[in-house]
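Read through the structure below, which is laid out as structure tokens, and then see the notes.
Numbering (my numbering), first residue to last: 1 to 177.
Structure (structure tokens):
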């Protein structure tokens with residue numbers, strides 16, 4: 001009987017040791033999982049902040065592209081208007097020029113009329129030069145804006161690439177969107 005009691009106590013002691021070992025292992029695993037969860041939580045917070053930052057940058061870039069697109073459209077409209085005005089001035093100039101030569105051939109004695117037509121021609125030439133200058137300035141501005149839009153498109157592509165990388169990192173950690 002003593003032997004049984006002793007054996008029973010030994011078995012009980014073994015069960016206690018095994019239970020204590022399993023509790024230690026379980027606590028260690030819990031601590032490891034807690035640590036991993038905290039790491040994932042920190043990474044998640046960091047990634048969310050970066051996503052928000054990138055989304056803000058993307059929104060700002062999209063707004064800037066829209067604004068520049070509107071500016072380009074306005075410049076195109078202005079250029080079209082100036083081209084129309086230039087064509088009108090060209091037609092007026094040619095008509096006055098023809099009239100001037102006819103008047104000069106017909107009557108060299110009409111000095112006042114010639115001076116008036118010459119003044120009109122000079123005025124039209126000044127207007128044409130001014131329109132041509134404005135058209136060149138607008139063409140240069142349009143080209144400059146086109147060159148600015150290209151790098152913003154490249155930034156958008158890089159942003160999209162970075163967002164895909166962030167999504168892949170989330171997938172690796174086990175979170176999905």
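All C-beta atoms, glycine included, are put in the ideal place defined by N, C-alpha and C.
Roughly how many angstroms lie between the CA atoms of residue 42 and residue 48, to the nearest whole one?
10 Å
I'd like to check one pair, residue 128 with residue 96: are the Cβ atoms closer than 7 Å?
no
Element boundaries [alpha helix (DSSP H), containing residue 59]:
2-106
Rounded to the nearest angstrom, what separates residue 35 and residue 26 at their Cα positions?
14 Å
Residues of its chain near residue 78, where Cβ-Cβ distance is below 7 Å and the 5 sequence neighbours each way are ignored
So the qualifying residues of the chain are 138.
Can you grab the Cα-Cα spacing for the pair residue 141 / residue 98, in whole Å?
36 Å
Can you tell me whether residue 177 is buried or exposed, with buried defined as 16 or more other CB within 10 angstroms of its CB?
Reliability fails at residue 177, whose pLDDT of 49 lies under 50, so the model's placement of it is uncertain and no value is given.
Tell me whether residue 81 is buried or exposed, calling it buried when 16 or more other Cβ atoms sit within 10 Å of its Cβ.
exposed
Kindly indicate which residue of 132, 50, 144 has the alpha-carbon position closest to the one of residue 164.
50
Please tell me whether residue 124 and residue 100 are closer than 7 Å, where the distance is taken between their beta carbons.
no
Would residue 156 and residue 61 be called neighbours here (beta carbons separated by less than 7 Å)?
With respect to residue 61, residue 156 sits close: the two C-beta atoms are nearer than 7 Å.
Buried or exposed, going by whether 16 or more other CB atoms sit within 10 Å of the CB of residue 131?
buried
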